[in-house]
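Heads up: the sequence shown begins at -5 in my numbering, then just goes up one per residue.
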Amino acid sequence: MTAAMTPDALDGVRVLDFTQMMLGPLCTQTLADLGADVVKVERPGVGEWMRKMPMLGEFVGRDSAAFHSFNRNKRSVAVDLKHPDGRALLLEIVKDFDVVTENFRAGVMDRLGLGYEDFKAVKPDIIYASGSGWGQNSELAKQNWPGQDLLIQAMSGVMYNTGRATDQPTACGTPIADFAASQAMVSGILAALLARARHGLGQRVEVDLYSATLNLMAQENFAVLNQDLTLERSSAGVATPWNDAPYGPHPTSDGYVAIAMCPLDKLAILLDDPGIAGMHGFRDRDVLKLRIDGHSAKMTTAALLKLLQSADVWCAPVRDSREAMDELVETGSDLLVDLDHPEAGVVKAIACPITLTGTPATRKDPAPLVGQHTDEVLQELIGGARCSALKEKGAIG
-5 MTAAMTPDAL DGVRVLDFTQ MMLGPLCTQT LADLGADVVK VERPGVGEWM RKMPMLGEFV
55 GRDSAAFHSF NRNKRSVAVD LKHPDGRALL LEIVKDFDVV TENFRAGVMD RLGLGYEDFK
115 AVKPDIIYAS GSGWGQNSEL AKQNWPGQDL LIQAMSGVMY NTGRATDQPT ACGTPIADFA
175 ASQAMVSGIL AALLARARHG LGQRVEVDLY SATLNLMAQE NFAVLNQDLT LERSSAGVAT
235 PWNDAPYGPH PTSDGYVAIA MCPLDKLAIL LDDPGIAGMH GFRDRDVLKL RIDGHSAKMT
295 TAALLKLLQS ADVWCAPVRD SREAMDELVE TGSDLLVDLD HPEAGVVKAI ACPITLTGTP
355 ATRKDPAPLV GQHTDEVLQE LIGGARCSAL KEKGAIG
């Protein structure tokens, strides 16, 4: 079989996608990258919120860079969820889909008449995947707490465990709760698809930001639960409450170098500081971190890297996003993918991080415009005449 004839891993899987913002769209983008036909349902004329929510004031074409980041390889249909004919349309066409995805606040889809039981009544073996902030039936959900990444980091312990003890708790530099939950949702959907293929059962898949984030700290939380520990941050900048020094960034004369563990006797020789060998990596970690800083600050980044790497010490320069991306562009890295957008031209994006040798991810479609594929998709499913009639009623855009 030639490369052109090789099917994608999820070829033939169809996803009716109601997700928005980050958690759900990144999940369905991963499914789309792997070959699923993801049909994104959006508000007519407006689209989902992320289209108009720039993080740094940036837009690519008419949509935010954030939207482009999570919505490639999808088709967009514009349907009014509150229009009775729009709702009826969705319940009708779901028979041609394998998976429904949504990440509205708990209860919203049920109130719209588009909950799991509504779709299950039409298609008993449907897989219905829901993402939420705190879990569909948790106490925090019942109290109507907003399920947002920063708040999850605050409540889960991630924020408290990040940064120096002398500074305020620090959020991670990227929305890790959304990213963790999105990939948990992918795993749940794939498991449900396999279960249906083997056992003939549809089911609901539920993930939430809170539990996914707690799972990111499984080792820390296990220790707290079972060893009566209280995690305390380093005041000198050791990267986590969990680790000995050295473990974290160390200043140089022109930047920073991250050191990820090194036997202290070896480090004592490399830095020509015999006293380091007699120190305790955890008990003395703050003093040790600052002592290493005193040596590293006198060296350039290149010189320190050369010294450490010559002794097989795990280390790397600390780079900003511009430096990291410039290297990928300059080397023509396959970690990037070019997408030809109808308004913005060729845009670059981070490629799917999953490599499959037998069914490689080959799709390279940009994020869709609002309702770009409404006619195309609905003509496939219900025919052109009905599509036109629904447009006249305002049920679709």
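Every residue gets a Cβ at the ideal spot worked out from N, C-alpha and C, and that includes glycine.
Computed from a predicted structure; not experimentally measured.
Close CB contacts of R227 within its chain, under the 7 Å cut and outside five residues either way in sequence, are with N155, G157, R158, A159 and P235 (chain order). Close CB contacts of V218 within its chain, under the 7 Å cut and outside five residues either way in sequence, are with L225 (chain order). Burial state of P19 is buried, judged by a 10 Å Cβ sphere holding 16 or more other Cβ atoms.
For H62, the number of other beta carbons within 10 angstroms of its own is at least 16, and it is reported as buried.
With contact defined as three or more Cβ pairs closer than 8 Å, the region 236 to 244 and the region 197 to 206 are not in contact. Selection E337, G29, S247 and P336 evaluated against T295 yields S247 as nearest (Cα-Cα). Note that the region 68 to 85 touches the region 360 to 379; at least 3 beta-carbon pairs, one per stretch, sit closer than 8 Å. The C-beta separation of I146 from G127 comes to about 7 Å, placing the pair in contact by the 8 Å criterion. Partner residues in the beta bridge of V251, as assigned by DSSP, are H244 and P311.
T24 places its beta carbon 7 Å or farther from that of T95. Residue burial annotation: R192 is exposed, with fewer than 16 other C-beta atoms found within 10 angstroms of its C-beta. For G125, the beta-bridge partners assigned by DSSP are V201. In the DSSP assignment, S181 falls within the alpha helix (DSSP H) that extends over I170 to H193.
Going by beta carbons, D143 and V7 fall outside the 7 Å limit. The straight-line gap separating the alpha-carbon atoms of F53 and R313 is approximately 25 Å. Considered as a whole, the region 291 to 357 harbours 309 to 311, 330 to 335 and 339 to 344 as its complete beta strand (DSSP E) runs of no fewer than 3 residues, in chain order. Shown here, A165 sits in coil according to DSSP, grouped into three states, outside any helix or strand. In this structure the region 288 to 303 does not touch the region 331 to 345; the number of beta carbon pairs closer than 8 Å is below three. A Cβ-Cβ distance of about 4 Å is found for the pair L4 and G29, placing them in contact under the 8 Å criterion. By the 16-neighbour rule on beta-carbons within 10 angstroms, V251 is buried. Assignment of S228 by DSSP, reduced to helix, strand and coil, places it in the coil class.
Rounded to whole angstroms, the gap between the alpha carbons of K117 and L333 is 35 Å. With 16 or more other Cβ atoms from the protein chains shown falling within 10 Å of its own Cβ, Q14 counts as buried. About 12 Å separates the beta carbons of L264 and L299, which is beyond the 8 Å limit, so they are not a contact pair. In the DSSP assignment, the residues bridged to S58 are F53. DSSP, read as helix, strand or coil, puts S70 in strand. DSSP places R8 within a strand segment (E or B) once states are collapsed to three. Note that the C-beta distance between G125 and M179 is below 7 Å. For I390, the pairing in a beta bridge is given by DSSP as V73. Just measuring C-alpha positions, the residue of A262, A26 and A345 sitting nearest V307 is A262. The beta carbon of G182 sits closer than 7 Å to those of A123, V199 and V201, all from its chain and outside the five residues before and after it, given in chain order. Separation of the CB atoms of F113 and L85 is rounded to 7 Å, and the pair is thereby assigned contact status at 8 Å.
For D31, the enclosing beta strand (DSSP E) covers residues D31 to E36. The beta carbons of A389 and H77 sit about 4 Å from each other, so the pair counts as a contact at 8 Å.
When secondary structure is reduced to three states using DSSP, T368 falls in the helix class. According to the DSSP secondary-structure assignment, V102 is paired through a beta bridge with no residue.
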